[in-house]
């Protein structure tokens with residue numbers, strides 16, 4: 313009884329008062345029954361009246377939290393409580409002829425009929441919404457996993473890179489300060505070493521920032537950022553970029569940029585290709601990117617982490633990934649993300 317009230321959404325004070333009243337009333341009539349000489353357990357009817365409403369409440373709320381058809385789940389919950397109530401009344405009535413069998417049979421027939429009719433009358437929209445909820449649940453979980461992995465990567469890079477270098481920098485500066493009057497030559501060497509460490513720490517921090525959100529993406533947009541990626545690849549890459557003047561939302565641009573960057577990295581590392589191509593296009597509310605190469609093929613989205621990482625990034629935006637890589641090549645990675653234009657394009661300064 314208390315658990316049912318706790319899940320009901322009523323104010324806590326009201327739940328406590330109702331629960332206490334029910335328990336006190338049930339215990340009071342039970343004590344009266346014991347004092348008056350026991351005999352027929354008539355307080356059972358009082359307990360039945362107290363328990364049944366809470367049983368209905370608890371089972372219905374639990375049924376409403378199920379993933380399947382909720383009307384069918386509520387029907388099953390009500391049938392269960394009604395059947396149990398009928399059996400309890402039969403026990404209180406002194407056993408005899410088991411008439412609850414007819415109640416249970418009627419409930420089973422009604423539920424079976426309902427279960428048979430649900431698929432006939434469930435609309436395509438309901439099924440689509442259920443599938444959509446499943447997809448959103450999965451992609452939300454994957455997006456949280458990606459975010460957690462990125463946070464761990466940033467923490468690790470800071471700890472192993474810039475933080476260690478800054479600690480060394482502080483130690484060198486402290487030793488140089490102590491030696492400034494007694495050994496200027498050694499102090500000068502430590503200062504030079506500290507300056508070198510400061511430059512290395514700054515380079516690590518810049519690299520870390522580029523890994524979170526590349527400055528070229530913020531300054532030049534997705535087309536300029538992809539062109540910068542193409543220039544950094546050590547093999548010929550033909551790039552065809554057809555994007556509107558307006559900018560896409562920053563999260564979508566970031567996901568598309570890192571997806572293309574990962575695809576190009578796979579080309580360089582694994583394909584043995586002599587050339588590659590990129591086609592990026594926006595139209596009909598969708599951003600499409602195709603990365604291909606003339607390598608040896610055999611790319612498998614189920615092996616390794618590169619393609620799986622791309623798919624997780626895109627799935628957070630309802631994006632899709634398609635891989636065509638027969639043995640002997642060519643390999644084509646097609647990515648598509650539904651999105652809307654966000655703001656006017658910012659001209660590079």
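Numbering (the numbering used here), first residue to last: 313 to 661.
All residues carry an ideal CB built from backbone N, CA and C; glycine is no exception.
Nearest candidate by alpha-carbon position, reference residue 484, set 508, 370, 344 | 508
Specify, as a first and last residue, the run of the beta strand (DSSP E) that residue 359 falls within.
-> From DSSP, residue 359 is part of no beta strand (DSSP E) but of the alpha helix (DSSP H) over 355–376.
Neighbourhood of residue 512 by C-beta, 8 Å cutoff - its chain only, sequence neighbours within 5 removed = 477
Which value, in whole angstroms, describes the spacing of the CA atoms of residue 353 and residue 339?
-> 13 Å
Determine the DSSP secondary structure at residue 391, reduced to helix, strand or coil.
-> Reduced to three states, the DSSP call for residue 391 is helix.
Could you please give me the residues that DSSP links to residue 594 through a beta bridge?
-> 599
Drop a sphere of 10 angstroms on the beta-carbon of residue 534, count the other beta-carbons inside from all chains shown, and report buried for 16 or more, exposed for fewer.
-> buried
Do you know offhand how far residue 660's Cα is from residue 589's?
-> Annotation note: pLDDT 44 at residue 660 (below 50); position unreliable, coordinate value reported separately. One C-alpha to the other measures close to 25 Å.
CA-CA distance, residue 378 and residue 582?
-> 46 Å
Could you check the C-alpha separation between residue 569 and residue 529 for me, to the nearest Å?
-> If I take the Cα positions, the gap works out to 8 Å.
CB residue 619 to CB residue 635, shorter than 8 Å?
-> For residue 619 and residue 635, yes; Cβs fall inside 8 Å.
Tell me whether the beta-carbon of residue 571 lies closer than 8 Å to the beta-carbon of residue 647.
-> yes
In whole angstroms, what is the alpha-carbon distance linking residue 381 and residue 389?
-> Straight-line Cα distance between these residues: approximately 13 Å.
The beta strand (DSSP E) spanning residue 648 covers which residue range?
-> That run of the beta strand (DSSP E) goes 643–650.
Looking at the structure shown, is residue 476 part of a helix, part of a strand, or coil, going by DSSP?
-> helix
As assigned by DSSP and simplified to three states, the class of residue 552 | strand
Residue 334, DSSP secondary structure in three states = Here residue 334 sits in helix by DSSP.
Buried/exposed call for residue 343, threshold 16 Cβ in 10 Å | Under a 10 Å Cβ-count criterion, residue 343 is classified as exposed, with fewer than 16 other Cβ atoms of the shown protein chains found around its own Cβ.
Same chain, Cβ closer than 7 Å to residue 480, neighbours up to 5 away in sequence not counted = 509
Please classify residue 632: does DSSP put it in a helix, a strand, or coil?
-> Residue 632: strand per DSSP, three-state reduction.
Cβ-Cβ distance between residue 642 and residue 610 below 8 Å | Going by C-beta atoms, residue 642 is not nearer than 8 Å to residue 610.
Please confirm if the stretch 620–634 is in contact with the stretch 530–550, defined as three or more CB-CB distances below 8 Å between the two stretches.
-> no
Whole angstroms is fine: what's the gap from residue 504's alpha carbon to residue 594's?
-> Roughly 51 Å separates the two Cα atoms.
Identify which residue in 419, 384, 408, 386 has its Cα closest to the Cα of residue 396.
-> 419
Apart from the five residues on each side of it in sequence, which residues of its chain come closer than 7 Å, Cβ to Cβ, to residue 644?
-> 602, 604, 636
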